[in-house]
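Below: one structure, written as structure tokens.
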Amino acid sequence: MIPKIRSGIAEFDELTGGLPENTMTLIYGPPKTGKSIFCYQFLCQAMEDDDLCMYLMTDYDLTQLEQQMMAFDWFIHDYILNKRLYVIDTASGSVGALQKETDNMAISFPQNPTDIASKVIQQLQCVHQKAQRFRSVLDSATTLFAFNSPILIIRVLKAYTLRIKMAGGTGIVTYTEGSAEPQIETMLKATADNIVYLGEDELVIEAMAGLKRTKASYQITDKGIVMW
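Structure (structure tokens):
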């Protein structure tokens, strides 16, 4: 039986048993369909299960992450202070904002994937010293494609996925459909073990070990993503 971890979305876990442990899941779809909210719920579940989480953000900084999660009454401040959340913030770097780096918060730049990879390695070393199992989030790959050669980013994502899984991580990567050429999107899907599509009101599990292609309706509520 494939070990699973809870996603943070109760109905999703009832449908799938959870996300297969030590795999990478691509969450993709049109804009504004809840891809980041899926990540927030995954992070909330990490807190509930006392898992470490490494969070690479490209579209918002740590303060914005806290604010966006507080809108759902999800509070991560203590989780950060206790160094259970490791953040790589490229959004601040992209606008030249000066942020102080800490043991569990690094600043990088979306147009410098080499530096991002270096920060990932540094944080993985810290995380791996603390736990044999952890979670990871990359939200989102779309910004990386916007600033760099798409082929380069595919290579970076392959290396990222390999390193996360080798260190014992279970991860999520988000991507906005249509942001790159179709052949690049096909290559992106090939970097993931599991593929979940978020449409306007339908969630489709396109690929996941042990499951057939499955669909369910969903909506975004004040409690996050709810499925039926």
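Under the working numbering, think of the first position of the sequence shown as 2, with each following residue one higher.
Built from N, CA and C at the ideal position, the CB exists for glycine as well.
Pull the bridge partners of Tyr-176 from the DSSP assignment, please.
Within the sequence shown, residue 176 is the residue found at index 175, counting from 1. DSSP, once it has assigned bridges, lists Tyr-29 as partnering Tyr-176.
If you run the structure through DSSP and keep just helix, strand and coil, what is Thr-91?
Here the question's residue 91 lines up with position 90 in the sequence shown. In this structure, Thr-91 counts as coil in the three-state DSSP scheme.
For Lys-4 and Asp-62, I'd like the C-alpha separation in whole angstroms.
For the purposes of this step, residue 4 is taken as residue 3 along the sequence shown, with counting starting at 1. For the purposes of this step, residue 62 is taken as residue 61 along the sequence shown, with counting starting at 1. A quick correction: the sequence has Pro, not Lys, at residue 4. Going by the C-alpha atoms only, they are around 32 Å apart.
Closest Cβ-Cβ distance between Leu-139 and chain C: below 8 Å?
The structure shown contains no chain C; it is built from a single protein chain.
If you check the beta carbons only, do Tyr-161 and Tyr-29 fall under 8 Å apart?
Translated into positions along the sequence shown, residue 161 becomes position 160. Translated into positions along the sequence shown, residue 29 becomes position 28. Cβ distance not < 8 Å, so Tyr-161 and Tyr-29 don't count as in contact.
Per DSSP, which residues does Tyr-56 bridge with? Please list them.
Here residue 56 refers to the residue found at position 55 of the sequence shown. According to DSSP, which records beta bridges pairwise, Tyr-56 is partnered with Val-88 and Val-138.
Which same chain residues, not among the five before or five after Asp-90, have their C-beta less than 8 Å away from its C-beta?
Within the sequence shown, the letter at position 89 stands for residue 90. The answer, listed in chain order, is Met-58, Asp-62, Leu-63, Gln-100, Met-106, Ala-107, Ile-108 and Ser-109.
With respect to the beta strand (DSSP E) encompassing Lys-216, which residues constitute its N-terminal and C-terminal limits?
The sequence position of residue 216 within the sequence shown is 215, counting from 1. Here the beta strand (DSSP E) through Lys-216 covers 215–222.
Going by DSSP in three states, Ile-77 sits in which element: helix, strand or coil?
If you number the sequence shown from 1, residue 77 lands on position 76. Three-state result, Ile-77: coil.
What did DSSP end up calling Ala-11 once you bin it into helix, strand or coil?
For the purposes of this step, residue 11 is taken as the residue at position 10 of the sequence shown. In this structure, Ala-11 counts as helix in the three-state DSSP scheme.
For the alpha helix (DSSP H) holding Glu-67, just list the boundary residues, first then last.
Mapped onto the sequence shown, residue 67 falls at position 66. It spans 63–71 - the alpha helix (DSSP H) in which Glu-67 sits, taken as one unbroken run.
What span of residues does the alpha helix (DSSP H) with Ile-3 cover, start to end?
In the sequence shown, the residue the question calls residue 3 occupies position 2. Careful: Ile-3 lies outside any alpha helix (DSSP H) and carries neither H nor E.
Tell me which residue opens and which closes the alpha helix (DSSP H) that Ala-47 is part of.
Walking along the sequence shown from the start, residue 47 turns up at place 46. Where Ala-47 is concerned, the enclosing alpha helix (DSSP H) stretches over 36–49.
Whose C-beta lies closer than 6 Å to the C-beta of Ala-168 among residues of the same chain, with five residues either side of it excluded?
If you number the sequence shown from 1, residue 168 lands on position 167. Closer than 6 Å at Cβ, skipping near neighbours: Leu-125 and His-129.
Which of the three DSSP states, helix, strand or coil, is assigned to Thr-171?
The count along the sequence shown starts at 1 and reaches residue 171 at position 170. Three-state result, Thr-171: strand.
Quick one: is Met-70 buried, meaning 16 or more other Cβ sit within 10 Å of its Cβ, or exposed?
One-based indexing of the sequence shown puts residue 70 at position 69. Met-70 is buried by the Cβ-count criterion.
Going along the chain, which residues of its own chain have a beta-carbon closer than 6 Å to the beta-carbon of Ala-142, five neighbours each way excluded?
Counting from one through the sequence shown, the residue named residue 142 turns up at place 141. So the qualifying residues of the chain are Val-174 and Tyr-176.
Just the Cα atoms here: how many angstroms apart are Thr-34 and Asp-202?
Locating residue 34 in the sequence shown gives position 33, counting from the first residue. Locating residue 202 in the sequence shown gives position 201, counting from the first residue. The straight-line gap from Cα to Cα measures roughly 8 Å.
Suppose contacts are defined by Cβ-Cβ distances below 8 Å. Is Ile-154 in contact with Gln-42 by that definition?
The residue labelled residue 154 in the question sits at position 153 within the sequence shown. The residue labelled residue 42 in the question sits at position 41 within the sequence shown. Cβ distance not < 8 Å, so Ile-154 and Gln-42 don't count as in contact.
Within its chain, find whatever has a CB closer than 8 Å to the CB of Glu-182; leave out the 5 residues flanking it on each side and keep chain order.
As a first step, residue 182 is located in the sequence shown; it is residue number 181 there, counting from the start. These residues qualify, in order along the chain: Pro-151.
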